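Data block below; observations after.
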Amino acid sequence: MRIEHKSWRDPLLIGATVPLALIMILFFVVPLIMTGILTFQSSRYYRLAWTWDLTIWRDVFGHSHYWVVMLRTLGMSLACVVLSVLIAYPVAYGLATRLGSLRHHVTILITFAFLTDTVLKTFGWILVLDQNGVLNWGLSHLGFEPGAVNILFTPTATLIGMVYNLAVYPIFTLYLSLARIDRDLQLAAYDAGASRFRTFFEVTLPLSRPGLYAGAALVFVLSLGAFLEPKVMGGGNAPMASELINQSFSTRVNWPLGAALTLVLIVIGSASLALSAALTLRRRGGEQGRLSDVG
Amino acid sequence: MSDRSRSIFIDVLLVGSVALFLAFLYVPIVTLVVFSFTGSRMLTLPIESWSTEWFGALLARPDFFPALKNSTLVATISMIFATVLGTAGAIAWVRFKFRFQQTFRLLTFAPLLFPQLLLGVVMLLWFSVLGQWLGFSTGLATIVIGHIVYVTPFALVIVAVQVYGYDETLEDAARDAGASGWDVFREVTLPLLWPGIFSALTFSFLLSWGNFYVSYSLGGTMRTLPTFVYSGIAVGSSPIYPALATLNFVPALILVIVADVVRRRAACRNVLPEPT
Amino acid sequence: MPSAIIEASRIIKDYGSFRALHSVSLEVGTGEFVALVGPSGCGKTTLLKIIAGFEEPTSGELKIAGSNMDGVPAAKRPVRMVFQRLALFPHKTVRDNIGFPLKLAKTEKVEADRRVRAMLDLMHLNPSYLGRYPAQLSGGEQQRVALARALVSRPGVLLLDEPMSALDVKLKKSLQAELKNLHRNLGTSFVLVTHDLEEAMMLADRICVMRSGRVLQVGTPSEIYYRPVDTFVASFIGDTNLFPVSIANGQGGSVAFSSPIIACDSAIAPKAQCSPTIEGDRASLLVRPEAMRFVEAGNAQPFATLNGKVEEFFIKGASIQFRIRVDGHPVPVVMDLPGTPNIPAAVGADVTIGFDRSDVFLLQE
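Residue numbers (my numbering), protein chains in the order written: chain A, 1 to 295; chain B, 1001 to 1276; chain C, 2001 to 2365.
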């Protein structure tokens, strides 16, 4: 790969970077800063008041209600991470090593499902999990009593929806890691007398760590903002942080509150991403030394 | 267990998990397609009679066509912006080296690491404050901006993969053969990056088309198809939503397959066997 | 020499603080075949890229066909290049690859098609290949298409950047022969970059040996082989024997020398550089392996003899190579004899070897 060194006077570099950077600054960075600023304001009579104080933060940290919802969000997100990674690992491994010519077709199928309208898919799950839904209908034909599985509008359903929508991310990152492992390394381990399981734990798993960390962090971050799943599949019975944020805009019209809750989630998410990056870099630093080619 | 049977066990486990995952992915999708052809109002099995009446019922909804029009408009504009900006950004990511490159990378990749709802909310706050100052309210334009911010990083990553595998000696060869800068771009650079760009176009369009969160946050009173469905199912389920799903899937599946064919055909050609 | 088509004078190329070329000068005559050889990193490819127009020299002057090339882009130079990894356009058919330079030059379609077919014919490629993509061709066929693309617009100079380094030996040999033929028939000047001196000897009219950004020697293959300027050039091509000697008496082109291991009546040998030599200077006596032979009692005594023990031997096909350990010499002496089923000496045998005065050459250190 030939890399061209460019100075900021080069019109080609300006053309390639400045419009995109401007859009991201104007509609992503500035809004983030604005969000931070808004957390120091208040809401009076459904209108924003520029008060510059800590009222909102005292509110957010002072009410047990927010704590409960935040902890529930963290718990659900962690559960979602564990389940997604457990599902994603064998799928990514199978995809990377066992499917041969079928791999492309499977990839298309996964991509297509990923790109399909989330609201419709969520609605599809309702039809599946409903007491009179597809799942129970199928089970009743296998001899179970009608309505045996009654999980719609419970946190279990929420979790199924979250895993359904997010497991694709670790599959993707793990696939990238696993497909890059030199098969000879595993053969060398067998050759040295290691069993298949031993080889997996000594060679494959350590080498797939970057994909594992990246995938886990992505699922965690994205699940912090899950909204449709708890609302539609969970029936709104166990609201997550996103529901509070949504309410603070729609029913309570309290922007500073929404901003503060959003900021809390962003900070937690960024911390988890930083942790994953640090874990990956610490591992890779000694092994490869080329940190810039992650992209 | 012998080593041989153990290795067969592992093969079955891995291939089986892929199959199970595909089944998991397609359970709700297939369910929707099946129910779109029901003859009953109830969305329960077994289906007693089949019909296509719900497609008609969907088209007869007065708020369907505005949503369809909005979705098409938003997805088309977002697709163009995201792909053009993403392609330019991908070249800067991979082929250039410049001051503040890491900042640029972080800036253009970060939205991908954001839950969509939070992305939408953060932008909503900004647009609301701006709107109070400048006197506008959220609508189609803000949806489009939101989609561009959300979709461009995806397009960038897809094109960057193509740029990464790109052999610049081919550009030298073109120049050596007498090509001007524009000739090089038209004859070599663009055709070789095209599979990536085409994937980016497809991805951008579909991501924008199916996007709920950003449209929901930034749409104000404007509805796109996903928010149309969301507000619909909040009121009560109806077979018109499975019908909409079926209508949605067919063109999307065709697009995804075409993008893959374009990419694979180019990949077959572009990999020169090492001369031996 | 015919009039020069390439005149490079005092070319310097710096990459940051690294100097890739130290004031290199080279002339290539019209219709001449010149090879640039040297180990990797010697600057040969940099020089080629400067001629092609992909790199700007830091200083120095480059003229092609009499015109100064300062600021002339690659596309506008009367030279074409065959790239190391060929750089065939994967998205274009063989027809479009070869015809690309003509398309850019806006050559009329019928004429372009005629010339593409003529190139195909010249390269012994089947016309049915016109519609194929490069990936559907074998390595040797790709090579020919790359040559055809470079030659189709009849350039004054063809630059070849190690185009055969990735091929297997057999294919390489046949393509080398073809390249030589092509050069003879076309009358185009060829400049070949290679790290394989054998290839250069086989193909080129003149060879330019480079090392660390400097030109060490420019000369015909025979001059490079038999009259190298220094021990580096001498050992760059295959096996060679270099015996350290001290100069006993130096004057003119031939000097007397002495060595503790070489038995010799009147030790006088031709010398490489014309710098004055002083008694006691150190030098190396160059003797090529094929100039060595066994000395047997009763036969004519050669100019010089050495005593040693056979360490090992290999059948190389047309020749047998012996490695003989000589006391007082740090590395085995290499000797190539014409192949014969009767091996003249066994491993471990004590032998006397010798060489004639006409086969020696002194290199000053």
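Glycine included, C-beta positions come from ideal geometry on N, C-alpha and C.
These numbers were taken from a predicted model, which means no experiment stands behind them.
Span separating the alpha-carbon of residue i from that of residue j
{"i": "residue 2165/C", "j": "residue 2084/C", "result": "8 Å"}
{"i": "residue 89/A", "j": "residue 171/A", "result": "7 Å"}
{"i": "residue 1106/B", "j": "residue 1256/B", "result": "29 Å"}
{"i": "residue 2308/C", "j": "residue 2198/C", "result": "30 Å"}
{"i": "residue 2178/C", "j": "residue 2121/C", "result": "13 Å"}
{"i": "residue 2013/C", "j": "residue 1087/B", "result": "34 Å"}
{"i": "residue 1060/B", "j": "residue 1122/B", "result": "36 Å"}
{"i": "residue 1070/B", "j": "residue 1242/B", "result": "20 Å"}
{"i": "residue 2311/C", "j": "residue 2263/C", "result": "21 Å"}
{"i": "residue 2259/C", "j": "residue 2247/C", "result": "9 Å"}
{"i": "residue 2150/C", "j": "residue 2158/C", "result": "7 Å"}
{"i": "residue 2100/C", "j": "residue 1194/B", "result": "19 Å"}
{"i": "residue 1011/B", "j": "residue 274/A", "result": "35 Å"}
{"i": "residue 1138/B", "j": "residue 27/A", "result": "14 Å"}
{"i": "residue 292/A", "j": "residue 3/A", "result": "Unreliable placement is indicated for residue 292/A, whose pLDDT of 38 sits below 50; no coordinate value is reported for it."}
{"i": "residue 11/A", "j": "residue 5/A", "result": "13 Å"}
{"i": "residue 1178/B", "j": "residue 2074/C", "result": "7 Å"}
{"i": "residue 265/A", "j": "residue 1067/B", "result": "31 Å"}
Selection from the options that minimises the alpha carbon distance to residue i
{"i": "residue 210/A", "options": "280/A, 188/A, 47/A, 45/A", "result": "280/A"}
{"i": "residue 2203/C", "options": "2213/C, 2191/C, 2061/C, 2334/C", "result": "2191/C"}
{"i": "residue 57/A", "options": "36/A, 72/A, 76/A, 46/A", "result": "36/A"}
{"i": "residue 249/A", "options": "1120/B, 1177/B, 1041/B", "result": "1120/B"}
{"i": "residue 1173/B", "options": "2282/C, 2114/C, 2126/C, 2052/C", "result": "2052/C"}
{"i": "residue 2048/C", "options": "2316/C, 2163/C, 2287/C", "result": "2163/C"}
{"i": "residue 23/A", "options": "1104/B, 1230/B, 1073/B", "result": "1104/B"}
{"i": "residue 332/A", "options": "238/A, 119/A, 39/A", "result": "Coverage of chain A is limited to positions 1 through 295, which leaves residue 332/A absent and any answer about it impossible."}
{"i": "residue 1030/B", "options": "1266/B, 1127/B, 1259/B, 1247/B", "result": "1247/B"}
{"i": "residue 2145/C", "options": "2040/C, 2086/C, 2111/C, 2155/C", "result": "2086/C"}
{"i": "residue 2313/C", "options": "2330/C, 2134/C, 2340/C", "result": "2340/C"}
{"i": "residue 124/A", "options": "1027/B, 1161/B, 1018/B", "result": "1027/B"}
{"i": "residue 2161/C", "options": "2187/C, 2168/C, 2173/C, 2147/C", "result": "2147/C"}
{"i": "residue 1188/B", "options": "2089/C, 2288/C, 2329/C", "result": "2089/C"}
Limits of the unbroken alpha helix (DSSP H) element including residue i
{"i": "residue 1116/B", "result": "1116–1134"}
{"i": "residue 2225/C", "result": "2221–2226"}
{"i": "residue 1094/B", "result": "1064–1094"}
{"i": "residue 47/A", "result": "Residue 47/A -> not in any alpha helix (DSSP H); beta strand (DSSP E) instead, spanning 47–49."}
{"i": "residue 2312/C", "result": "It is not in any alpha helix (DSSP H) - residue 2312/C instead sits in the beta strand (DSSP E) that spans 2304–2315."}
{"i": "residue 2022/C", "result": "Premise fails: residue 2022/C lies in the beta strand (DSSP E), 2018–2029, not in any alpha helix (DSSP H)."}
{"i": "residue 2352/C", "result": "Unbroken run through residue 2352/C is the beta strand (DSSP E), 2350–2355; no alpha helix (DSSP H)."}
{"i": "residue 2103/C", "result": "2094–2104"}
Cβ-based neighbour list, residue i, same chain, cut-off 6 Å, excluding 5 preceding and 5 following
{"i": "residue 186/A", "result": "199, 203"}
{"i": "residue 2007/C", "result": "2027, 2063"}
{"i": "residue 2349/C", "result": "2310"}
Segment limits, beta strand (DSSP E) that includes residue i
{"i": "residue 44/A", "result": "42–44"}
{"i": "residue 2208/C", "result": "2206–2211"}
{"i": "residue 144/A", "result": "Run containing residue 144/A: none; DSSP gives neither H nor E here."}
Cβ shell of residue i (< 7 Å), same chain only, five flanking positions each side left out
{"i": "residue 80/A", "result": "159, 162, 163, 166, 219, 223"}
{"i": "residue 1175/B", "result": "1184"}
{"i": "residue 1158/B", "result": "1196, 1199, 1200, 1203"}
Cβ-heavy atom distance, residue i to the ligand SAH, below 7 Å
{"i": "residue 2027/C", "result": "Of the ligands one can find in the structure shown there are none, so the ligand SAH has no counterpart to examine."}
Chain D within 8 Å of residue i, Cβ atoms only
{"i": "residue 1136/B", "result": "Going by chain labels, chain D is absent from the structure shown, which instead holds the protein chains A, B and C."}
Same chain only: Cβ atoms within 8 Å of residue i, ignoring 5 sequence neighbours per side
{"i": "residue 2041/C", "result": "2212"}
{"i": "residue 2257/C", "result": "2245, 2246, 2247, 2248, 2267, 2268, 2269, 2283, 2285, 2362"}
{"i": "residue 176/A", "result": "211"}
Please list, in chain order, the residues of the stretch 2039–2063 of chain C that have any C-beta partner in chain B closer than 7 Å.
2052, 2054
- prompt: the stretch 1173–1186 of chain B: which residues have C-beta closer than 8 Å to a C-beta of chain C, in chain order?
  reply: 1173, 1174, 1175, 1176, 1177, 1178, 1179, 1180, 1183
**Request:** For the stretch 1245–1257 of chain B, enumerate the residues whose C-beta is nearer than 8 Å to any C-beta of chain A, in chain order.
**Result:** Residues are counted here when their Cβ sits less than 8 Å from a Cβ of chain A; for the stretch 1245–1257 of chain B these are 1245, 1248, 1249, 1252, 1253, 1256, 1257, given in chain order.
- Taking any Cβ of chain B, which residues in the stretch 154–169 of chain A have a Cβ under 8 Å from it, in chain order? 164, 167
* **Interface residues of the stretch 23–34 of chain A facing chain B [CB-CB below 8 Å]** => 23, 24, 25, 27, 28, 29, 30, 31, 32, 34
Residues of the stretch 2091–2103 of chain C in Cβ contact with chain B at a cutoff of 7 Å, in chain order, please. Going along the stretch 2091–2103 of chain C in chain order, one finds 2091, 2100, 2101 with a Cβ nearer than 7 Å to chain B.
- the stretch 112–128 of chain A: positions lying closer than 9 Å to chain B by Cβ: Against chain B - using a Cβ distance shorter than 9 Å - the residues of the stretch 112–128 of chain A are 112, 113, 114, 115, 116, 117, 118, 119, 120, 121, 122, 123, 124, 125, 126, 127, 128.
Residues, ordered as in the chain, of the stretch 91–103 of chain A that lie near chain B by beta-carbon distance below 8 Å = Taking 8 Å as the upper bound on Cβ-Cβ separation, chain B lies near residues 91, 93, 94, 95, 97, 98, 99 of the stretch 91–103 of chain A.
inquiry  = By the 9 Å beta-carbon criterion, what residues does the stretch 1191–1208 of chain B contribute toward chain C?
reply    = Answer set for the stretch 1191–1208 of chain B: 1191, 1192, 1194.
**Message:** Counting only Cβ-Cβ distances shorter than 8 Å, please list the residues of the stretch 1037–1056 of chain B near chain A, keeping chain order.
**Reply:** 1043, 1044, 1045, 1046
- prompt: What residues from the stretch 2208–2241 of chain C come within 7 Å of chain B, judged by C-beta to C-beta, listed N to C?
  reply: none
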